[in-house]
Structures are given as C-alpha cells and as structure tokens.
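J.: As numbered in mature numbering (1 follows the signal peptide of the UniProt record, and there is no 0), residues -36 to -1, 1 to 179 make up the sequence shown, in order.
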Amino acid sequence: MRCGLRARFPHDRVRPLLAAAAALLLAATLAGPGLAEPSPVGHVDAQVGEVLAQRPAEARELRHGMPVFRDDALITGIRAKVRIAFDDGSAMTVGPETRVEVERFAPGSAGLFDLIYGAVRVLLTDSDGGRDVSVRARTATASVRSTGLIVSTDPQTTGVFVLEGRVSVSAPGHDETVGLQAGQGSDIPLGEPPGRAKRWPPARVEALRARTRIE
C-alpha cells in the first residue's frame, strides 16, 4: 500500500499541474525516444469538467474518446466526473475530487484499481466468463467478478456498496472477510475489520449514485 496518501485533491491546481507536466514531457522528448507506447485498456466515454491523466513521465488533460492506459492515475476536480469504457465492455465512473490509479486491466487477466481518495462506480461485464477485479483503498479492498459496486474512501474510512452481484470485502491486517449482496454496504474504518453487511439508508445510496453518475 502506498504511503503519503493525499487526503484531498487541490481542485484549483489542474492547470498548474498540466503546465508542470508539459515541462517534464518536453524534457523527456529532448532526451530522446523512450519506450514504445503501451496499448490502451479503454477510452473516455463521457466527461464533465477537467480531468487529468497522470503517468510517471507525463500528464495529459483527457477529452472524450481519448485512450486510457495501464498505470494512468485519473484525477478529477471539484465539479469533474469521467466515465471510462474498457475494451471488454466494463466501465468505471470517477466522481469529483477523486484520484484512482489503473494498476492493471487487460483482457484475460485480473484487474486492480487503487482508489487513493474520492469515489468510483465500477460496472463489470461477464465477457470471457468474468474477471476478478479489485478496488483497493487505504482501509479496505473490494474484490468482485461480473458485478457492479460503488467504493468511496477518505483517509479514515472506506465504504463499499453493491449495485448488483456479490462483493467480497477485506481489510489490511485482518483475516475477516465480509460478503455483500446487491443492496448491501459495509463501512471499514482505518485499522478495523470490515463492518457487517447491512442496508444503507436510501438517502446515502442516492448521494453515492449521484456522485458517480454522468447524465
């Protein structure tokens, strides 16, 4: 698990970040050709506001139709959202003030997203018999196959809510695993095992849906 977790994205800093990233990219270009461009794992299907994709050697402002690659860190500002359509038909919607990193998501292999802060909605297909996908946050990991869920996190708590299918939730340093079904959620405070499965209040569920929905 990464150290130095940022608790909040400075939403007024998107353009300065892009300027700094452009300088890095220019320096890399002047230094000579690098590695071959990786194959994309998906593309931007819908977007509201400014969204940044950050990689070790570059950063770029995403627009509709642009590719998304493994190792991209997707960063949204205070009013921004983005929906990524993956090549297998799965999708991830990234809510405002969120940073999520695409650790891996390739055909025929397990997927992993690191949710550093904010909220994401993940909808998986059952193509190729389904794939194992995990959304990993600071206090918990949600593991799924061919299902839909919303995960939100801050430095102290992670919440997992299941839209459809089944989800297994675990926490670092604890052996307990909680199974969730559609309509159930679990809260996982820092340093504690996953909370029991329960129905969340409709207002909380709707707030999460709205946070991770693009009209």
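In this text, a Cβ means the ideal position worked out from N, Cα and C, and glycines have one as well.
Kindly list the residues whose CB is nearer than 7 Å to the CB of Ala146, restricted to its own chain and excluding five residues on each side of it in sequence; keep chain order.
T.: Hits under 7 Å: Val126, Leu127, Glu128, Gly129.
J.: If you run the structure through DSSP and keep just helix, strand and coil, what is Pro165?
T.: Correct three-state label for Pro165: coil.
J.: Does DSSP classify Glu170 as helix, strand or coil?
T.: Three-state result, Glu170: helix.
J.: How would you label Glu170, buried or exposed, when you count the other beta carbons within 10 angstroms and need 16 or more for buried?
T.: Per the 10 Å Cβ criterion, exposed.
J.: Just verifying my parser: in three-state terms, what is the DSSP assignment at Arg177?
T.: Of the three classes helix, strand and coil, the one that applies to Arg177 here is coil, per DSSP.
J.: Pop quiz: Val32 and Ala44 are said to be a contact at Cβ under 8 Å. What is the actual Cβ separation, rounded to whole angstroms?
T.: Going by Cβ atoms, the distance from Val32 to Ala44 rounds to 15 Å, so no, they are not a contact pair.
J.: Would you report the Cα separation of Ala74 and Arg68, rounded to the nearest angstrom?
T.: Going by the C-alpha atoms only, they are around 7 Å apart.
J.: Can you look up Asp118 in the DSSP assignment and give me helix, strand or coil?
T.: If DSSP states are grouped into helix, strand and coil, Asp118 belongs with coil.
J.: Could you check the C-alpha separation between Ala(-14) and Gly41 for me, to the nearest Å?
T.: Unreliable positioning characterises Ala(-14) in this predicted model, as indicated by a pLDDT of 48, which lies under 50. The coordinate reading is nonetheless provided below. One C-alpha to the other measures close to 21 Å.
J.: Which same chain residues end up closer than 8 Å to Thr121 when comparing Cβ atoms and leaving out the 5 residues on each side of it in sequence?
T.: Result list for Thr121: Thr103, Asp151, Ile152, Pro153, Leu154, in chain order.
J.: Quick one: grab the DSSP three-state call for Pro153.
T.: Here Pro153 sits in strand by DSSP.
J.: Please check the pair His5 and Val66, which I expect to be a contact at CB under 8 Å, by giving their CB distance rounded to whole angstroms.
T.: The question names His, but residue 5 in the sequence shown is Val. Right, their Cβ atoms sit about 7 Å apart.
J.: Could you spell out the range, first to last residue, of the beta strand (DSSP E) harbouring Thr40?
T.: Start and end: 37 to 40.
J.: State buried or exposed for Pro166, treating a residue as buried only when at least 16 other CB atoms are found within 10 Å of its CB.
T.: Pro166 comes out exposed.
J.: Give the DSSP bridge partners of Val86, in chain order.
T.: Per DSSP, Met56, Leu113.
J.: From the DSSP secondary-structure annotation, give me the bridge partner or partners of Gly75.
T.: For Gly75, which the question treats as bridged, DSSP gives the partners Val97.
J.: Taking the alpha-carbon of Arg160 as reference, which of Ala135, Arg173, Thr176 has the nearest alpha-carbon?
T.: Here the closest residue by C-alpha is Ala135.
J.: Quick one: using the 10 Å Cβ neighbour count with 16 as the cut-off for buried, is residue 184 buried or exposed?
T.: Outside the displayed span of the chain (-36 to 179) sits residue 184, for which this structure offers no information.
J.: Would you mind working out which of Val99, Thr141, Arg100, Val84 sits nearest Arg173, comparing C-alpha positions?
T.: Nearest C-alpha to Arg173: Val84.
J.: Within 10 Å of its beta-carbon, does Asp52 have 16 or more other beta-carbons around it, so buried, or fewer, so exposed?
T.: Asp52 should be labelled buried.
J.: Is DSSP giving Ser132 helix, strand or coil here?
T.: Strand.
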